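First comes the structure, then the notes that go with it.
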Amino acid sequence: MARQSISFTKPNDDWLKNQVDNKEYSSKSELVNDLIRQARSQQVQIDWIRTKLERAENSGFTSDSKAQILKQSKDLLNG
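Just add 8 to wherever you are in the sequence shown, counting from 1, and you've got my numbering.
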């Protein structure tokens, strides 16, 4: 595993410490890795929605309703 040295602002460091102190995570590293995984997962959903919107814009319309698009994006996010 790659080792990094990063600095946090005081409020962010306090929040990280609080999460570890509350036993939500065993270490700051575990928490930061989890946050990165969540951000990567969200990026997949954002990219999917962006592609869907671009296709709709390029074709002039989409036959999917807002509810269908929302459901598809949630399904993608939840695997």
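By construction, the Cβ of each residue, glycine as well, lies at the ideal position given by its N, Cα and C atoms. These numbers come from a predicted model, not from an experiment.
Among Asn66, Leu84, Arg11, whose alpha-carbon lies nearest the alpha-carbon of Ser37?
Arg11
If we ignore side chains and look at the alpha-carbon of each, how far apart do Gln51 and Glu62 end up?
16 Å
Does the distance between the C-beta of Asn66 and the nearest non-hydrogen atom of the ligand HEM fall short of 6 Å?
Annotation note on the ligand HEM: not contained in the displayed structure, which lists no ligands.
Top-ranked residue by Cα proximity to Val40, from Ala64, Ile54, Ser15:
Ser15
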